[in-house]
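Enquirer: Got a structure for you, written out below as structure tokens; questions coming shortly.
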Amino acid sequence: AQSVTQPDIHITVSEGASLELRCNYSYGATPYLFWYVQSPGQGLQLLLKYFSGDTLVQGIKGFEAEFKRSQSSFNLRKPSVHWSDAAEYFCAVALNTDKLIFGTGTRLQVFP
Amino acid sequence: DTGVSQNPRHKITKRGQNVTFRCDPISEHNRLYWYRQTLGQGPEFLTYFQNEAQLEKSRLLSDRFSAERPKGSFSTLEIQRTEQGDSAMYLCASTREGLRNGPLHFGNGTRLTVT
């Protein structure tokens, strides 16, 4: 079955530490790939997206993600986390229908 | 660009009542999407419009749910005979010409509580 998996429900890191959030997809073809962030009381905001080309994608707020076709993964990374990064992060995919399918999300907690 | 606007922000209703939510997309965005998000889950696709045409509906959208976008601008989502399982955040989003041409802009949602 087609799916988007975020294996980590909850991650806690110290401020200044590096971060990697995992995302795997299961589709017949390579979908379009996205990462969104949802802060409490805020709407979902697009961090970055991958359609084709360079497999390392830069996004807003210092985030980047790397597409690995062999692993069907699109992991989100940040070298140094800030307290304001605490939020819920969603990986999403879209096929040709332009319909976004979201993963279940990873809640990031940042300790000072 | 005033963003995607959703009203009301919160709605509490008794089981069996009908509710209607409104979404005003960003002007000139011809695609409008409805999603539902329950606690601890990612948003689930419900339906989307290109202009006034409803192009796809999820199997999650039972007969009690109906969405319209009569003039290709704002959209309404109606739930008839609400059930407690309908309690969720209902999100609206819009984009211009599809995901390849620009990001999907989300509203802050309407939180529905069915008692």
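Residue numbers (our numbering), protein chains in the order written: chain A, 543 to 654; chain B, 2 to 116. We put the CB at the ideal spot given by N, CA and C, even for glycine. Since this is a predicted model, take the numbers as computed values, not measurements.
#1: To the nearest angstrom, how far is the alpha carbon of A/P491 from that of B/Y36?
#2: Please determine, among A/G558, A/T547, A/I602 and A/L586, the residue with the shortest C-alpha to C-alpha distance to A/W625.
#3: At least one CB of chain B closer than 8 Å to the CB of A/F632: is that the case?
#4: On the DSSP bridge assignment, give the partners of A/W577 in chain order.
#5: Which two residues bound the contiguous beta strand (DSSP E) that contains B/T114?
#6: Can you confirm whether A/Y574, when its beta carbon is compared against all beta carbons of chain B, has any partner nearer than 8 Å?
#7: Which residue wins for smallest C-alpha separation from B/R97, given the options B/G41, B/E29 and B/Y49?
#8: Could you have a look at B/D25 and say whether DSSP puts it in helix, strand or coil?
#9: From B/T77 to A/S556, what distance separates their C-alpha atoms?
#10: Roughly how many angstroms lie between the CA atoms of A/P621 and A/S560, to the nearest whole one?
#11: Would a check of beta-carbon distances place B/N109 closer than 8 Å to chain A?
Expert: Straight from the coordinates:
#1: A question about residue 491 of chain A goes unanswered here, because the residues of chain A that appear run from 543 up to 654.
#2: The candidate whose alpha carbon is nearest that of A/W625 is A/G558.
#3: Interface criterion met: the Cβ of A/F632 is under 8 Å from a Cβ in chain B.
#4: Answer is A/L590 and A/C633, bridged to A/W577.
#5: B/T114 -> beta strand (DSSP E) spans T111 to V115.
#6: Cβ-Cβ to chain B under 8 Å: yes for A/Y574.
#7: Nearest Cα to B/R97 within the set B/G41, B/E29 and B/Y49: B/E29.
#8: The three-state reading of DSSP puts B/D25 in strand, counting E and B together.
#9: Computed Cα separation, rounded: 43 Å.
#10: If you take the alpha carbons of A/P621 and A/S560, they lie about 4 Å apart.
#11: True, the Cβ-Cβ gap to chain A drops below 8 Å.
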